Amino acid sequence: MRLSRLCIALTASLAAAPTFAITSDEVNAGIQFNFANPGARAMGMGGAFLGLADDATAAYTNPAGLTILGASEVALEYRHTAYTTPFSSGGSFSVSPFDDTGLGSDNADSNDDALAFLSYTYAGDGWALAAYRQQSLAFDLAYTQEEIGVNNAAGNPVGSLPVKSTRLETDLVNYGVSGAYRFGESFSVGFGLVYSQWELESDTVRSGRNIQLQRGDDSDVSYNIGALWKLNDRWSIGAAYRRGGSFEYRAGNFDANGNPLIVVDTGFDVPHVFGVGVSWRPSDNFALTMDINRVEYSRLTDDYDDIFGAATVLKSDDGTEFRFGGEYVFTQFANPFSVRAGIWQEPDHALYATGPADDASVDIDRALFRPGDDEMHYSLGLGWAFPRFQIDLATDFSDQVDTFSLSGVVRF
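What follows is the structure, encoded as structure tokens:
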């Protein structure tokens with residue numbers, strides 16, 4: 000009942016001031032998302048698809064590739080994703096200077112299922128149009144943090160962080176239309192408009208101390224562009240830029256009795272992504288692919304808002320993804336089938352706290368917003384092609400995220 004009343008107060012508050020980025024509620028440190036290309040076929044090749052882009056998922060990945068399609072088609076994908084999210088779970092740490100050697104860590108497990116991609120593509124002669132729905136973020140998180148002791152430089156207790164229960168749900172769905180045109184026999188360009196719907200809901204309750212709430216439901220319009228150059232029968236090069244949307248939401252910090260301390264209108268800025276890729280076919284039934292993507296994760300924390308009155312500055316560093324994959328098609332059968340494999344590196348993009356080295360409040364945030372490590376992903380996939388349809392399966396696994404994909408295409 001208290002949370003319900005606080006939600007009403009959060010929505011109705013007149014104390015909000017317009018601002019522009021994510022807040023210092025540490026539940027935000029746990030949000031996990033990546034920019035893997037849709038489709039089990041691309042996933043099986045480590046997501047390296049910009050230079051190939053020869054199926055319906057090109058509408059999102061690299062719209063220029065739509066000109067490769069020889070027939071109109073409907074495509075869909077189902078994904079199951081299992082997350083393992085680390086958090087500071089207990090123990091103790093020291094401030095001024097910061098020392099986290101005694102700080103405990105645990106993992107929160109969560110699972111999400113989603114219709115990740117659905118599209119219709121009309122293939123013309125040297126041109127194509129597509130409409131699609133794509134879910135790039137579907138994430139939920141819940142955990143309880145035990146009491147954490149706070150010590151001074153001499154190791155003597157000076158306070159504690161109370162038991163904390165938190166939950167978060169967020170998703171991002173894109174609705175897009177893309178078009179592509181081929182110039183001559185070898186060069187294509189594509190452009191897409193994207194309408195994005197984003198939602199966020201989180202509660203953080205610190206026993207006897209305070210409560211933080213976040214609520215958001217917003218939309219934005221962005222775009223993606225792409226180019227594909229077929230150098231010859233063996234080599235092709237692709238490039239694409241996807242602009243992330245910006246969404247507003249309201250966040251509040253309340254005392255243990257439900258009185259508002261700080262309420263702000265803030266925002267969630269999805270990173271922009273620019274990538275280049277190359278595809279090489281050593282033979283007609285064998286393809287190797289490589290993508291390099293630059294992801295502007297720093298957008299997550301540009302002009303961020305502190306809701307605790309600390310001197311903390313949150314950061315998230317831009318990162319570069321390296322994706323490699325391959326596909327071999329066994330064409331000697333009546334219904335050819337494919338085997339795929341890939342590997343890619345996901346750069347660390349965890350939110351981390353910075354600020355004055357001798358500020359205890361900043362050190363507390365350092366204990367809650369902890370940098371992570373780069374993640375190596377490994378993928379495997381299979382596909383079966385029939386005269387009118389195709390079925391693909393893939394899995395992508397790493398230390399923190401395991402994804403399973405089933406996708407299909409019907410051509411007519």
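Residue 0 is where the sequence shown starts when you use numbering that gives the first Met the number 0, and the numbers rise one by one after that. Yeah, the Cβ is synthetic: ideal placement off N, Cα and C, and Gly gets one too. Values in this document were obtained by computation on a predicted structure and should not be read as measured data.
At the level of alpha carbons, what is the spacing between residue i and residue j?
i: L75; j: S278; result: 24 Å
i: R78; j: S135; result: 11 Å
i: Q232; j: N173; result: Gln is not the amino acid found at residue 232; the sequence shown has Asp there. Going from the Cα of D232 to the Cα of N173 covers about 34 Å.
i: R242; j: H271; result: 5 Å
i: Y59; j: A393; result: 19 Å
i: P386; j: A70; result: 12 Å
i: L227; j: T165; result: 45 Å
i: A309; j: V149; result: 16 Å
i: S93; j: Q144; result: 18 Å
i: L287; j: V275; result: 14 Å
i: I30; j: D219; result: 20 Å
i: L405; j: D54; result: 15 Å
i: N86; j: L167; result: Asn is not the amino acid found at residue 86; the sequence shown has Phe there. Each residue's Cα considered, the two are about 14 Å apart.
i: T434; j: G175; result: No answer is possible for residue 434: the residues shown for the chain start at 0 and end at 411.
i: D24; j: S337; result: 46 Å
i: D124; j: D111; result: 39 Å
i: F388; j: L117; result: 15 Å
i: A137; j: N155; result: 43 Å
i: D373; j: A333; result: 43 Å
i: V408; j: Y131; result: 13 Å
i: F411; j: L49; result: 25 Å
i: P335; j: V73; result: 20 Å
i: S185; j: Y119; result: 24 Å
i: G101; j: D364; result: 15 Å
i: D362; j: L65; result: 51 Å
i: D358; j: I147; result: 18 Å
i: G215; j: L379; result: 36 Å
i: Y351; j: V26; result: 12 Å
i: D105; j: Y327; result: 40 Å
i: G90; j: A366; result: 11 Å
i: L381; j: R298; result: 36 Å
i: A238; j: G225; result: 6 Å
i: A20; j: Y222; result: Because A20 carries a pLDDT of 47, less than 50, the predicted location of this residue cannot be relied on, and the following value inherits that uncertainty. Cα-Cα distance, rounded: 21 Å.
i: P355; j: I291; result: 35 Å
Which residue or residues does DSSP assign as beta-bridge partners of residue i?
i: P259; result: F253
i: A129; result: T120, S177
i: N110; result: A81
i: T402; result: T80, D395
i: Y296; result: In DSSP, Y296 forms no bridge with anything.
i: L381; result: V338, L392
i: R241; result: N223, V272
i: V312; result: T353
i: D139; result: E168
i: F307; result: Per DSSP, none; premise fails for F307.
i: T265; result: Y248
i: N150; result: S93, P156
i: H425; result: Within the shown structure, residues of the chain are numbered from 0 to 411, placing residue 425 beyond reach of any answer.
i: F368; result: F368 pairs with nothing; no bridge assigned.
i: R410; result: E72
i: L287; result: W279, G325
i: T319; result: R293
i: L102; result: G90
How many whole angstroms separate the CB atoms of residue i and residue j, which I take to be in contact at a CB cut-off of 8 Å?
i: T261; j: G251; result: It is Ile, not Thr, that sits at residue 261 in the sequence shown. Yes, they are in contact, since the Cβ atoms of I261 and G251 sit about 7 Å apart, within 8 Å.
i: P62; j: A179; result: 5 Å
i: G371; j: G45; result: Rounded, the Cβ-Cβ distance is 20 Å, inconsistent with contact.
i: S360; j: T311; result: 7 Å
i: T80; j: T402; result: 5 Å
i: G207; j: P259; result: Not quite, the Cβ-Cβ distance comes to about 18 Å (not below 8 Å), so this is no contact.
i: Y240; j: F190; result: No, Y240 and F190 are not in contact; Cβ-Cβ is about 10 Å, not under 8 Å.
i: A129; j: S177; result: 5 Å
i: Y412; j: H348; result: Any property of residue 412 remains undetermined from this structure, which presents the chain solely from 0 to 411.
i: M289; j: A47; result: 6 Å
key: In chain order, each beta strand (DSSP E) run of at least 3 residues that lies wholly inside the segment 155-216   = Counting only runs of 3 or more, we get 156-160, 163-182, 186-205.
| task | Pair every Cβ in the segment 35-51 with every Cβ in the segment 388-403, then say whether three or more of these pairs are closer than 8 Å. | result | Using a Cβ-Cβ distance cut-off of 8 Å, the segment 35-51 and the segment 388-403 are in contact, since at least three pairs of beta carbons, one from each stretch, lie closer than that value.
Practice item. Taking only runs that begin and end inside the segment 26-96, name each unbroken alpha helix (DSSP H) of 4 or more residues, in chain order. Key: Runs found: 39-43, 57-60.
Do the segment 306-322 and the segment 339-352 make contact, defined as three or more Cβ pairs closer than 8 Å? The segment 339-352 and the segment 306-322 touch, with three or more beta-carbon pairs separated by less than 8 Å.
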